[in-house]
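One structure below.
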Amino acid sequence: MTSAASLLSEIFGFDGFRPGQEEIVQAVTQGENVLAIMPTGGGKSLCFQLPALLRPGVTVVISPLIALMRDQVRALQEAGVTAGALTSGNTEEETQAVFDALERGALKLLYMAPERLAAGSALGLLRRINVGMIAVDEAHCVSQWGHDFRPDYLRIGELRRALDVPLAAFTATADAETRAEITQKLFDGAAPRSFLHGFDRPNIHLAFAAKDGPRKQILDFAAARPGQSGIVYCGTRAKTEGIARALQEAGQKALHYHGGMEAEDRRRAEQRFQQEDGLIVVATVAFGMGVDKPDIRWVAHADLPKSIEAYYQEIGRAGRDGAPAETLTLFGADDIRLRRAQIDEGLAPPERRAADHARLNALLGLAEALHCRRKSLLGYFGETQITCGRCDLCDTPADVFDGTLAVRKALSAILRTDERFGAGHLIDILRGTQTPKVMQRAHDKLPTFGVGKEYSRSQWQAVFRQMMGHDLVRPDPERHGALRMTDAALPILRDQATIDLRRDSIQAASARHPAVKSMVNDEDAPLLSALKAKRRALAEAAKVPAYIIFTDRTLIEMAEKRPQSLDEMAHIGGVGAKKLNSFGDAFLSVIIGEAEAMHPSRRKLAGKEAGDIYDQLLAAQSALARGAHGTDKPLSCSASVLAKVAQLRSPDAPTLERLLGEKRSERFGPAFLDVLRRAG
């Protein structure tokens, strides 16, 4: 039988395996179910391509990107391996050639997009062609709450059961939670043979910088690396076009790429990037998963990525040839606010949103790291034995100071306000700012009121940001971003531990230009996100655009005024009687935690003068329910009758008697008339 080592040399042209490859190849070849976590550029593809040549039958490879599949198929064919792909990007001739090869039993590897598994004919085809193994590339796409979730990946477990063949899953990005989800979804919870190889890419230099004219920062970074291929990741489609245009005007070869482009334009951009040297692609994260260009020399982020996993995967597209590569990640307060809002506006359950906030905190910890960034990054993935010398903080150590007192003041403010408020309100307390909200809650009487005047508002924001980066506090998704302390904060609060902070981050905070004005202030932003999430859920259920439920303007007013009852809700602009009846309870429950119990007759009067009169009539009735002396038989009026009384234009005793009847009129009439006359 041909050995793996001889095929490695004859077909792939390598003299030996990379670290960790050989044992994975052996396990896959022997037909074990395998989950392999390997760093980007670590040679994952070889770990299923080589066993495919050693095992009987066809190996089906599920891969998420057409461009990646086409590249791998082309490379295999040039190496003399019979491989093909069934994708929507095929010509008729290409598809026919694949079917012909399958009929002859000549094909060894068949690449398919996960979406193709949804077609009823796919399973029938795979049953006929003697599938010997399934390989899943980018297996983290099965994670339902991950940053690259692909719904059709959920069909792979079903396919494995139907074909009853071994499955090998590969990814570069999977923390413990994602690994557990892969095991559950792809292997029905039965633990596969797992290989967790080091996440370190020592050839990649890591660097972060606070935003200070971000477009110029990106242009300067690219200008210092002339003729090198690079990727600039941006948070919006519009920004990709703007920065690409600026790079072109500066004499760089650059193009933009995002999901809003025509499919043909995207294909052309991918092809140019693969074929041309020194080309810069400015893209959203729609570009790059599976990009196999080995000589990408740098990756820059014009905006903060979604999570530490997303960051790791995106920088991993640089330096796949093992030669030195560089990264730069820019971040600012607006980025963090946007990422928090994206989490809070999602439809994930609270525990998932809490986990996503923790992942974002981990990325903030990397951005605000005190010492070696590589240790911070790899420590998140559980690695502790790390040698660096390839990051900006190893090049130039950060300016740090003992921030224990400032952190203790902040934690005390959180504790004394019952962990019910966000950073904005807490900073007002620390700085002694007498806002209406502070005064209304008597927070100016707290011992922590005014104890933090040594820092400006923006400097305190930098302190809170670093506290999140150290995972001392986390936003509570159920309390609209109110900060909760973690267990890690307790030793500092109790004077049992100290903590260093970055002085440069705090000093720079006062020098930066004010951020672009957001729709609401920091304190109300999490509630606005929660209201938007509720609107989105209602809109999706009703299959209508979100603005049909309520406009942004209406939700902003709700977030700022925080109505506590349906009566108050009725006074919010854009909340008419019908929408109050249809959606009032749902949005009120987001604001105050529960919907107000209210009889339908009273609900119709919400926000009207008659509603207030109804409440007074109800109070008068309650006082007289057992008569003036409290000894009579209980008596009451129905809610609909009370509503009619509340709306009387010209109240008098005979009119009341007609509405109430003789017995109720005798008991309640004078009191009701008194209420009505006072209201009139």
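Those letters in the sequence shown? Residues -16 to 663, per the working numbering, in order.
We put the beta carbon where it would ideally sit given N, CA and C, even for glycine.
Computed from a predicted structure; not experimentally measured.
Is the beta carbon of residue i sitting closer than 8 Å to the one on residue j?
i           : j           : result
residue 668 : residue 598 : Outside the displayed range of the chain (-16 to 663) lies residue 668, so it cannot be described from this structure.
residue 449 : residue 351 : yes
residue 237 : residue 221 : no
residue 88  : residue 39  : no
residue 35  : residue 108 : no
residue 456 : residue 445 : no
residue 235 : residue 263 : yes
residue 189 : residue 135 : no
residue 279 : residue 306 : no
residue 17  : residue 152 : yes
residue 585 : residue 522 : no
residue 60  : residue 156 : no
DSSP on residue i, reduced to helix/strand/coil?
i           : result
residue 206 : helix
residue 403 : coil
residue 124 : helix
residue 270 : coil
residue 115 : strand
residue 8   : helix
residue 314 : strand
residue 497 : Note that residue 497 has pLDDT 40, beneath the 50 cutoff, so the model's placement of it is unreliable and the number below is only indicative. DSSP places residue 497 in coil when its eight states are reduced to three.
residue 244 : coil
residue 170 : helix
residue 426 : helix
residue 302 : coil
residue 554 : coil
residue 253 : helix
residue 531 : helix
When you compare only the Cα positions, how much space is there between residue i and residue j?
i           : j           : result
residue 603 : residue 654 : 7 Å
residue 12  : residue -12 : 13 Å
residue 317 : residue 406 : 14 Å
residue 150 : residue 97  : 15 Å
residue -6  : residue 32  : 11 Å
residue 620 : residue 647 : 7 Å
residue 248 : residue 50  : 13 Å
residue 372 : residue 354 : 11 Å
residue 369 : residue 361 : 8 Å
residue 490 : residue 380 : 16 Å
residue 660 : residue 588 : 19 Å
residue 487 : residue 424 : 35 Å
residue 329 : residue 512 : 9 Å
residue 148 : residue 140 : 11 Å
residue 313 : residue 349 : 12 Å
residue 42  : residue 364 : 31 Å
residue 499 : residue 219 : In this prediction, residue 499 scores a pLDDT of 39, lower than 50, which makes its location untrustworthy; no coordinate-derived value is stated.
residue 594 : residue 171 : 57 Å
residue 197 : residue 254 : 28 Å
Have a look at the options and flag the residue whose alpha-carbon is nearest the alpha-carbon of residue i.
i           : options               : result
residue 180 : 448, 1, 264 and 537   : 1
residue 126 : 550, 81 and 163       : 163
residue 414 : 327, 420 and 437      : 437
residue 303 : 173, 349, 248 and 282 : 282
residue 290 : 524, 481 and 345      : 345
residue 485 : 384, 37, 74 and 132   : 384
residue 183 : 334, 643 and 366      : 366
residue 7   : 29, 133, 634 and -4   : 29
residue 652 : 178, 600 and 84       : 600
residue 52  : 284, 246, 204 and 121 : 121
residue 477 : 520, 656, 392 and 504 : 392
residue 240 : 233, 394 and 250      : 250
residue 177 : 515, 309 and 165      : 165
residue 175 : 443, 293, 14 and 200  : 14
residue 321 : 550, 509 and 216      : 509
residue 9   : 22, -3 and -9         : -9
For residue i, which beta-bridge partners are listed by DSSP?
i           : result
residue 177 : 18
residue 666 : No information on residue 666 is available, as it lies outside the stretch -16 to 663 that the chain covers here.
residue 95  : 45 and 69
residue 281 : 213 and 309
residue 384 : 484
residue 414 : Its beta-bridge partners do not exist; DSSP assigns none.
residue 466 : 458
residue 374 : 189
residue 264 : 214 and 238
Against chain C, does residue i count as a neighbour if the rule is that its beta carbon must be under 8 Å from one of theirs?
i           : result
residue 531 : Looking at the structure shown, chain C is missing, and only one protein chain is on hand.
Is residue i close to the ligand MG? I mean its beta-carbon at under 7 Å from any heavy atom of the ligand.
i           : result
residue 323 : No copy of the ligand MG occurs in the structure displayed, which carries no ligand at all.
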